[in-house]
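With positions in the sequence shown counted from 1, the corresponding number in this note's numbering is that position plus 349.
Just so you know, even glycine gets a beta-carbon here, dropped at the ideal spot from N, CA and C.
Note that the coordinates shown come from a computational prediction; the quantities given were computed from them, not determined experimentally.
Here the structure comes first, spelled out in structure tokens, and everything after it is commentary.
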Amino acid sequence: MGIRIIGTGRYTPERLLTNADLEKMVDTSDEWIVSRTGIKERHIARPDETTSDMAAKAAEAALEIAGINADTLDLIIVSTVTPDMPFPNTATIVQKKIGAAPCVCFDIEAACSGLLYGLNTAYGMMASPLKYKRALVIGAEKLSSIVDWTDRSTCVLFGDAAAAVILENDGDPETPDFYADGVVSANGNYGDILQMPAGGSAMPASHESVDNHLHFIKMGGPKTFQLAVHSMVEACRTLIERATIPLEKIRWVIPHQANWRIISAVAARLDMPERVYQNVERYGNTSSASIGICLDELNRSGQLEKGDYVLTVSFGAGLTWSALLIRW
Ligand code: UT7
Numbered sequence: 350m351g352i353r354i355i356g357t358g359r360y361t362p363e364r365l366l367t368n369a370d371l372e373k374m375v376d377t378s379d380e381w382i383v384s385r386t387g388i389k390e391r392h393i394a395r396p397d398e399t400t401s402d403m404a405a406k407a408a409e410a411a412l413e414i415a416g417i418n419a420d421t422l423d424l425i426i427v428s429t430v431t432p433d434m435p436f437p438n439t440a441t442i443v444q445k446k447i448g449a450a451p452c453v454c455f456d457i458e459a460a461c462s463g464l465l466y467g468l469n470t471a472y473g474m475m476a477s478p479l480k481y482k483r484a485l486v487i488g489a490e491k492l493s494s495i496v497d498w499t500d501r502s503t504c505v506l507f508g509d510a511a512a513a514v515i516l517e518n519d520g521d522p523e524t525p526d527f528y529a530d531g532v533v534s535a536n537g538n539y540g541d542i543l544q545m546p547a548g549g550s551a552m553p554a555s556h557e558s559v560d561n562h563l564h565f566i567k568m569g570g571p572k573t574f575q576l577a578v579h580s581m582v583e584a585c586r587t588l589i590e591r592a593t594i595p596l597e598k599i600r601w602v603i604p605h606q607a608n609w610r611i612i613s614a615v616a617a618r619l620d621m622p623e624r625v626y627q628n629v630e631r632y633g634n635t636s637s638a639s640i641g642i643c644l645d646e647l648n649r650s651g652q653l654e655k656g657d658y659v660l661t662v663s664f665g666a667g668l669t670w671s672a673l674l675i676r677w
């Protein structure tokens, strides 16, 4: 069909929060954080810097590398659990900031699986009779705004960032699509192991909800860890079993960057440790931005060539998960 990735971009806020900084905030240590997660530092947005600000900067970087203007986009999808506000959606705010023309704009909330959910959705819309020609898919998170900075079990894990991918349908039936195969799924029975309980219609903001720290991330760490490894490995195995290409053609495996131990466990079970890309030590868990950051780092450092295959895989609150085999 001719739907290709023509640009990637990323943005991370200037301020770095190191493990040494966290040692001064909660009862933790660099040794504990590194040995349990692999994380050494994460970027934290300024108080006045919003999710849409970061998303727009990542989008502009992707537009530049793609060599196209924002006013040629037909579709903007933003994945985030930290929208600027409940409505309007963050995609419309980004649309305005980057100077895009009127087009379809909506947000996706699939937590850390959001970028892959967004790429699946955009591909479906572009391949449909609706024939959208150019799509911008962004994963952007200001997780520092929903992290409880007094809770050592979660505050050491997360960082802020945004990443963008631009898709274009060149209309040439000879051009292979970027989308080689995909798995997208969720299981709502695990919704309570990772959530932000307050701030929605179930528990609107109140003095009590604020006093009880209910507007922050609550996570059952060990259970999330176990489900993460299981869902990511199963999703990858499904794609590997269905793949019609030799497995050597998969140049990179990009798992969601939540924790080095989760990444290693997935890599070991797939038996592809040398092809697994990881950068969690520099960013922490940036939720839906994480896979896009990896893709952009590989793209800009010349480590992706036309025809390479990249196996991306993610899991997140919901529990959601997705794997996408990308043809570069
Ligand atoms: O994108 C999806 C989001 N989430 C994830 O991917 C997270 C998945 N889970 C994990 O990555 C791991 O479960 C954690 C890194 C969160 C925790 O590692 P763990 O090995 O599962 O530790 P634990 O929760 O079993 O806690 C072990 C101990 C506890 O102390 P006690 O009860 O054994 O005395 C915790 O209180 O470590 C303690 N602890 C800490 N100690 C120092 C928890 N957080 C910290 C900390 N510093 N920051």
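With fewer than 16 neighbouring CB atoms inside 10 Å of its own CB, GLU363 falls in the exposed class. No heavy atom of the ligand UT7 is found nearer than 6 Å to the CB of GLY488. A Cβ-Cβ separation of about 30 Å leaves ASP376 out of contact with THR400 under the 8 Å criterion.
When distances are taken from the beta-carbon of PHE574 to the heavy atoms of the ligand UT7, the shortest one is below 6 Å.
Within the DSSP secondary-structure output, VAL375 pairs in no beta bridge.
According to the DSSP assignment, ARG586 belongs to the alpha helix (DSSP H) that extends over 570–591. With a contact defined as Cβ atoms closer than 8 Å, MET581 and PRO604 qualify at about 6 Å. Around the CB of GLY537, fewer than 16 other CB atoms lie within 10 Å, so the residue is classed as exposed. Check the Cα spacing between ASN368 and each of SER378, THR361 and ARG359: the tightest is with SER378.
In this structure the stretch 519–526 does not touch the stretch 484–491; the number of beta carbon pairs closer than 8 Å is below three.
The beta carbon of PHE455 sits closer than 7 Å to those of ILE426, ASN438 and ALA440, all from its chain and outside the five residues before and after it, given in chain order. Three or more beta-carbon pairs separated by less than 8 Å are not found between the stretch 573–590 and the stretch 545–560, which leaves the two stretches without contact. Burial check for ARG395: the Cβ neighbour count within 10 Å stays below 16, so the residue is exposed. The Cβ atoms of TYR360 and MET403 lie closer than 7 Å to each other. Taken from the Cβ of GLY665, at least one heavy atom of the ligand UT7 lies inside 6 Å. Relative to the ligand UT7, ARG391 has its C-beta separated by 6 Å or more from all heavy atoms.
Around the CB of ALA554, fewer than 16 other CB atoms lie within 10 Å, so the residue is classed as exposed.
If you keep only unbroken beta strand (DSSP E) runs of at least 3 residues inside the stretch 399–477, you get 424–428 and 453–457. With fewer than 16 other CB atoms across the displayed protein chains lying within 10 angstroms of its CB, MET374 is exposed.
Inclusion of GLY351 and ASP521 in the CB contact set at 7 Å is warranted, their separation being smaller than that value. The continuous stretches of alpha helix (DSSP H) do not include ILE515, which lies in the beta strand (DSSP E) extending over residues 510–518. By the criterion of a C-beta distance shorter than 7 Å, GLY633 is surrounded in its chain by ILE388, ARG391, LEU506, PHE507 and GLY508, once the five residues flanking it on both sides are discounted. In this chain, the beta strand (DSSP E) harbouring ASP530 covers 528–535. Linking ILE515 to GLU557 through their CA atoms gives a straight-line distance of about 43 Å. In this structure, LEU464 is the residue among LEU479, GLY540 and LEU464 with its C-alpha nearest to the C-alpha of ALA512. Taken in chain order, the complete beta strand (DSSP E) segments of 3 or more residues contained in the stretch 595–661 are 599–604. If you draw a straight line from the Cα of LEU366 to the Cα of GLU372, it comes to about 11 Å. Closer than 6 Å to some heavy atom of the ligand UT7: that describes the Cβ of GLY570. At a cut-off of 6 Å, the beta-carbon of VAL496 does not count as near the ligand UT7: no heavy atom of the ligand is closer than that. Assignment of ILE566 by DSSP, reduced to helix, strand and coil, places it in the coil class. The beta carbon of ALA459 sits closer than 6 Å to those of TYR466 and THR669, all from its chain and outside the five residues before and after it, given in chain order. Put simply, the backbone Cα of ALA419 is about 5 Å away from that of ALA449. Under the three-state reduction of DSSP, LEU492 is assigned to helix. Distance from SER428 to SER671 at the Cβ level is roughly 11 Å; contact not present, criterion being Cβ atoms closer than 8 Å.
ILE640 and LEU674 have their C-alpha atoms some 13 Å from each other.
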